[in-house]
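So the structure is just underneath, and the comments pick up after that.
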Amino acid sequence: MYHSFDVTLHDLDAANARPQGGQDILSLMGQMMKPRKTEITEKLRQEINKVVNRYIDEGIAELVPGVLFIDEVHMLDIECFSYLNRALESSLAPIVIFATNRGICNVRGTDMTSPHGIPVDLLDRLVIIRTETYGPTEMIQILAIRAQVEEIEIDEESLAFLGEIGQRASLRHAIQLLSPASIVAKTNGRDKICKADLEEVNSLYLDAKSSARLLQEQQERYIS
């Protein structure tokens with residue numbers, strides 16, 4: 001008979017930041033159940049990695065790589081990228097997914113420009129997934145899922161109209177109109193959003209593209 005536990009490297013780091021008891025796997029698990037606030041040093045991480053590697057070599061443990069998703073990766077500075085570059089060389093490194101909508105721009109903390117704001121030496125180690133703009137059908141499906149998650153009732157005609165708004169402005173803007181449209185519908189005594197509710201809130205709120213265009217056309221009316 002044997003016991004199987006799913007633990008992360010961070011769990012082991014935290015459990016051993018102030019160790020008590022033995023270093024076998026059951027002792028480590030016991031320490032994890034006693035939360036305590038203390039510093040996790042780089043030296044501690046290295047020691048834990050050695051223990052985990054030994055367990056893997058002995059067949060006691062199995063490594064299941066996790067997934068680290070970093071959105072808006074262009075916001076990281078050069079020090080963060082340097083750390084990631086080193087961390088990705090580890091045999092215990094997770095699968096890392098970077099997401100960004102930037103083209104050629106500065107790497108933060110430097111005077112360098114690079115594709116997507118990622119240093120070239122790190123970019124060379126990545127595979128880049130080409131993405132395409134959502135079509136009307138896909139937008140409607142995403143909006144329907146979002147409405148369901150937020151427990152908002154909306155009819156098919158309204159979803160189609162919201163999809164048109166998403167195509168013209170952005171999917172994010174279309175999603176943001178769901179909540180105010182639901183409030184308008186309830187104010188009018190209805191539980192389900194109709195097209196008129198969306199038309200009303202769409203007339204009240206500008207998307208980023210429309211706002212920028214309006215500022216450009218009427219810049220003399222604003223303080224610069």
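Counting from 1, one number per residue, gives the positions in the sequence shown under the UniProt record's numbering. The beta carbon of each residue, even a glycine, is placed where N, CA and C say it ideally should be. Given the structure is predicted, the values throughout are model-derived calculations rather than measurements.
Pick from the options: whose alpha carbon is nearest that of residue i?
{"i": "residue 130", "options": "155, 98, 156, 119", "result": "98"}
{"i": "residue 85", "options": "75, 56, 62, 118", "result": "118"}
{"i": "residue 96", "options": "112, 68, 115", "result": "68"}
State yes or no: is the C-beta of residue i within less than 8 Å of the C-beta of residue j?
{"i": "residue 158", "j": "residue 193", "result": "yes"}
{"i": "residue 143", "j": "residue 174", "result": "yes"}
{"i": "residue 136", "j": "residue 176", "result": "no"}
{"i": "residue 78", "j": "residue 120", "result": "no"}
{"i": "residue 191", "j": "residue 164", "result": "no"}
{"i": "residue 73", "j": "residue 100", "result": "yes"}
Just how far apart, CA to CA, sit residue i and residue j?
{"i": "residue 66", "j": "residue 93", "result": "8 Å"}
{"i": "residue 52", "j": "residue 87", "result": "16 Å"}
{"i": "residue 199", "j": "residue 147", "result": "17 Å"}
{"i": "residue 5", "j": "residue 54", "result": "17 Å"}
{"i": "residue 169", "j": "residue 212", "result": "12 Å"}
{"i": "residue 42", "j": "residue 218", "result": "55 Å"}
{"i": "residue 8", "j": "residue 122", "result": "25 Å"}
{"i": "residue 204", "j": "residue 150", "result": "22 Å"}
{"i": "residue 140", "j": "residue 156", "result": "9 Å"}
{"i": "residue 210", "j": "residue 222", "result": "16 Å"}
{"i": "residue 126", "j": "residue 48", "result": "27 Å"}
{"i": "residue 196", "j": "residue 171", "result": "19 Å"}
{"i": "residue 132", "j": "residue 102", "result": "15 Å"}
{"i": "residue 70", "j": "residue 76", "result": "10 Å"}
{"i": "residue 162", "j": "residue 186", "result": "18 Å"}
Is residue i buried or exposed, if buried means 16 or more other CB atoms sit within 10 Å of its CB?
{"i": "residue 104", "result": "exposed"}
{"i": "residue 128", "result": "exposed"}
{"i": "residue 14", "result": "buried"}
{"i": "residue 90", "result": "exposed"}
Please give the ranges of any beta strand (DSSP E) in the UniProt domain "TIP49 P-loop" (6-134), keeping only runs that are unbroken, at least 3 residues long and fully inside the region. The UniProt domain "TIP49 P-loop" (6-134) contains these whole beta strand (DSSP E) runs: 67-70, 95-98, 104-106, 113-115.
Ranges of the alpha helix (DSSP H) found wholly within the UniProt domain "RuvB-like AAA-lid" (142-207), counting only runs of at least 4: Those alpha helix (DSSP H) runs which fall completely within the UniProt domain "RuvB-like AAA-lid" (142-207) and span 4+ residues are 156-168, 171-176, 178-187, 195-204.
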